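Numbering of the sequence shown is given in this note's numbering, commencing with residue 886 and proceeding in unit increments.
Backbone N, C-alpha and C fix where the C-beta goes; we use that ideal spot for every residue, glycine too.
Treat the numbers as computed from the prediction; the structure is a model and nothing was measured.
Scroll down for the structure; my scribbles are underneath it.
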Amino acid sequence: MASETVAEKAHFDIIRYAQLWEDADVLVEAMGGGAGRRFLSICSAGDNVLALLLLDPSEVVAADLSSAQLECLKFRLAAYLALDHGEFLELMGARDAGRRRQLFGRVLAQAGGDSLAFWKSREEAVVRWGAGGIGKFERYFRIFRNWVLPLIHSRATVAAVFTPRGAGERSEFFERRWNSWRWRLATSLFFSKFTMGRLGRDPAFFDQVQGSAGAHVRAKVRQAAVDQDPSRNPYMSYVLTGRQGDALPLAWRADAYPLIRERLDRVRVFHGPIDRVAAGKFDGFNLSDIFEYMSVAEAEAVYGRLLALSRPGARLVYWNMMAPRRAPERFANEIRRLGDLEANLAARDKAFFYSDLVIEEVVR
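Structural data, given as structure tokens:
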């Protein structure tokens, strides 16, 4: 979300992502150790901004072109202060709701300011779906879950995905019960670039994408269902059931909650392109998948501006889904690829949509 060209073509006046769709466990480990560092992060829904607080930084600057996405982070900042861990999970939609309207009111009282009007207009949606379920991307999965998935598999088959199994049993289950012709046909249609662009992401986000999105999704789902343990995957659980289940994203876990709460005052918000932040130098960059929205020339320009904001040893962490992007050749002498770390973390990455995890370190 850093390119001004993308800013002109895409719409940023809605909540596109109400929760994070990159694995914070991978992000935090990719950044390495050491307290007192400064991070610059794409905001999105804010969960991974908060996860970076677990590294004991001096500051995390969250940047986004979308004021709606920044409001998601502000809502979380207020929620961590106003609610205990169980209440937070209920409000976000990770647990069954009984008090969601009451919890929502307590968070708004803590938030105050301009956020009140923004969130009051979304109260009914939050009460129904949880604050982590009201984005366009989450609605896209809800349509899939409610209208498409029942045409492919029974509830019993969907529930059986999350039964703990060994790798061999997972492979057998996937081929025998999941990988049907209905699954292959439905994913070709529902996860096409056309459908995803209009119901899930934004059509402008697919300008640089080549190849079949449906085939990509099928391959990545197989990896998450067979090579990994889906019973420990909150992203797959949400897509198929509407809940994260027993596995939660890093920033939503009970052991992380109090530590994040103690460090909330280290978060700063910037409304605008991430490469235009004027706030000193940074030791780490969480860049989501911004480069695959851009042409090669745009990505090179943005990458150069981010390098200008980096300290020696800084790490740039980002993902690619279908458009391959890495450090431009022009900057080859200024960075090094951490290939072994990439391979190790990519194999454990539970956010199964992405085809490539990139970790680069500034060496100048």
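- DSSP assignment within the segment 1111-1185 yields the following whole beta strand (DSSP E) runs of 3 residues or more, N-terminal first: 1152-1156, 1167-1171.
- Secondary structure of Gly-1020 (DSSP, three-state): coil.
- In the DSSP assignment, Asp-949 falls within the beta strand (DSSP E) that extends over 944-949.
- In the displayed model, Val-1243 falls within a strand according to three-state DSSP.
- Between the alpha carbons of Ile-1220 and Arg-1249 lies a gap of roughly 7 Å.
- A residue is called buried when at least 16 other Cβ atoms come within 10 angstroms of its Cβ; His-1156 does not meet this threshold and is exposed.
- For Val-1102, same chain residues with a beta-carbon under 8 Å away, outside a window of 5 residues either side, are Thr-1072, Phe-1076, Phe-1238 in chain order.
- Across the structure, Arg-1067 and Ala-1100 are spaced so that their CA atoms are roughly 14 Å apart.
- Asn-1118 counts as buried, since no fewer than 16 other beta carbons sit within 10 angstroms of its beta carbon.
- Within a 10 Å sphere around the beta-carbon of Asn-1218 sit fewer than 16 other beta-carbons, which makes this residue exposed.
- Annotation for Ile-1037: no beta strand (DSSP E) segment contains it, though the alpha helix (DSSP H) segment containing it runs 1034-1037.
- Secondary structure of Phe-989 (DSSP, three-state): helix.
- Taking C-alpha positions only, Gly-1018 is separated from Val-1202 by approximately 26 Å.
- Spatial neighbours of Gly-917 in its own chain (CB-CB distance under 7 Å, excluding positions within 5 residues in sequence) are listed in chain order as Arg-1200.
- By DSSP's assignment, Ser-1195 forms a beta bridge with Phe-1167.
- Of the residues assessed, Glu-1009 falls on the exposed side of the cut-off, its CB having fewer than 16 other CB atoms within 10 angstroms.
- Inclusion of Leu-1192 and Phe-1216 in the CB contact set at 8 Å is warranted, their separation being smaller than that value.
- For Val-992 and Ile-899, the gap between their C-alpha atoms comes out near 20 Å.
- Annotated three-state conformation of Ile-1220 is strand, per DSSP.
- With fewer than 16 other Cβ atoms from the protein chains shown falling within 10 Å of its own Cβ, Gly-997 counts as exposed.
- If you check the CB distance, Asp-932 and Pro-1213 do not come in under 8 Å.
- Counting only unbroken stretches of 4 or more residues, the alpha helix (DSSP H) elements lying wholly within the segment 1045-1082 are 1052-1058, 1066-1075, in sequence order.
- Non-local C-beta neighbours of Val-911 in its own chain, meaning closer than 6 Å and more than five positions away in sequence, comprise Leu-1230, Asp-1234, ordered along the chain.
- Taking all protein chains shown into account, Ser-943 has fewer than 16 neighbouring C-beta atoms within 10 Å of its C-beta and is therefore exposed.
- Annotated three-state conformation of Trp-1004 is helix, per DSSP.
- Between the segment 1142-1160 and the segment 964-979 there are three or more C-beta pairs closer than 8 Å, enough to call the two in contact.
- In the three-state reduction of the DSSP assignment, Val-1202 falls in the strand class, which pools E and B.
- Arg-1249 carries a coil assignment under DSSP once its states are collapsed to helix, strand and coil.
- Remark: fewer than three beta-carbon pairs, one from each stretch, lie closer than 8 Å, so the segment 1044-1062 and the segment 923-940 are not flagged as touching.
- Around the beta carbon of Ser-926, a 10 Å sphere encloses 16 or more other beta carbons of the protein chains shown; the residue is thus reported as buried.
- Beta-carbon to beta-carbon, Arg-1007 and Phe-1167 are separated by about 32 Å, too far to satisfy the 8 Å threshold.
- By the criterion of a C-beta distance shorter than 7 Å, Ile-1244 is surrounded in its chain by Ala-915, Arg-1200, Val-1202, Leu-1223, Leu-1226, Glu-1227, once the five residues flanking it on both sides are discounted.
- Residue pairing from DSSP places Leu-925 in a beta bridge opposite Val-946, Phe-1170.
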